[in-house]
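Residue numbers for the sequence shown follow this note's numbering, so the first one is 7 and each next one is one higher.
Input: a single structure, listed below in structure tokens.
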Amino acid sequence: MVVLPEEWKEKFLARIETWEADGSQASQTQIERLKAELTSLKAKIDRVNNGFADGALDVQEFKELKNPLVAKKVEFEQQILALEKSRHNRLEPLKNWVLQANQAQKWPSEENWVEMKSFLQKVGSNRLLRAQTLTVSFKKPWNYLTENNLALRSVSDASERNSRWWSRQESNLRPSHCERDALPTELRPHSISGQTR
């Protein structure tokens, strides 16, 4: 139920690689822009330092000019560091999930009961064994995989099953744009004598 067939695993990993490439390119562009701004900022700090060293600025002017520049420099350095760190780790949990879901398919055929038990404890809750049948309620995101697998069991054609998998409705739905139903429940429109304003 909570397994990802080899073919789907390959499709997911290919899609993840595409997302990583797109995200990496966007992050790299932003990092390069920040590094250019940081270089410019460092040049300004050097000019302020040189002005103070040459005696053109007194201590008060030096502090007034340099302190905001140093704070901005630290901010840029932190942004660059965060971007470099996030571009490598952003999709790693999704990739691990895909690989785990695929690996779960192999354990029954290998009769690896220890791994199966450990896996079910991790991904499921409310495990119930009755009349030699195990019933499990799966946690998110494993429950989506179970729902997809159950929905696709009735389809016998492999290509139809694959196309249905990829055309499944998104799990993170957003309300339609500029419609009454786009408002969260706590912001429902008020009605005056039966009419909505």
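Ideal Cβ positions, reconstructed from N, Cα and C, are used throughout, including at glycine.
Being a predicted model, the structure only gives us computed values, none of them experimental.
DSSP, reduced to helix, strand and coil, places GLY61 outside both helices and strands of the structure shown, so it counts as coil. Every beta strand (DSSP E) stretch that sits fully inside the stretch 105-151 and reaches 3 residues is listed by chain position as 130-136 and 139-144. Sequence-distant Cβ neighbours of LYS15 in its own chain, meaning closer than 7 Å and more than five residues away, are VAL104 and ASN108. When C-alpha distances from LYS101 are compared across ALA20, PRO11 and GLU13, the shortest belongs to ALA20.
Under a 10 Å Cβ-count criterion, ALA110 is classified as buried, with 16 or more other Cβ atoms of the shown protein chains found around its own Cβ. With respect to GLN36, LEU89 sits close: the two C-beta atoms are nearer than 7 Å.
By the 16-neighbour rule on beta-carbons within 10 angstroms, VAL54 is buried. When Cβ pairs closer than 8 Å are counted between the two stretches, the stretch 78-86 is seen to touch the stretch 38-48, the count reaching three or more. Distance check between THR45 and each of LYS145, LYS123, ILE86 and ALA137 places ILE86 closest, using alpha-carbon atoms only. When DSSP states are grouped into helix, strand and coil, ARG53 belongs to the helix group.
Rounded to the nearest whole angstrom, the C-alpha separation of GLU117 and ALA137 is 21 Å. Counting only the Cα atoms, PHE144 lies some 8 Å from LEU126. In terms of Cα proximity to PRO147, the closest of PHE68, TRP119 and LYS128 is LYS128.
Between the beta-carbon of LEU75 and that of GLU26 there is about 35 Å, and that puts the pair past the 8 Å contact cut. Distance from the CA atom of ASN56 to the CA atom of ASN95, rounded to whole angstroms, is 41 Å. Taken through DSSP and simplified to helix, strand or coil, ARG96 comes out as coil. Setting aside the 5 residues that flank it on each side, ILE22 is surrounded in the same chain by LEU97, LEU100, LYS101 and VAL104, each with a C-beta closer than 8 Å to its C-beta; the list follows chain order. Relative to ALA49, the option among LYS17, LEU71 and ASN149 whose CA is nearest is LEU71.
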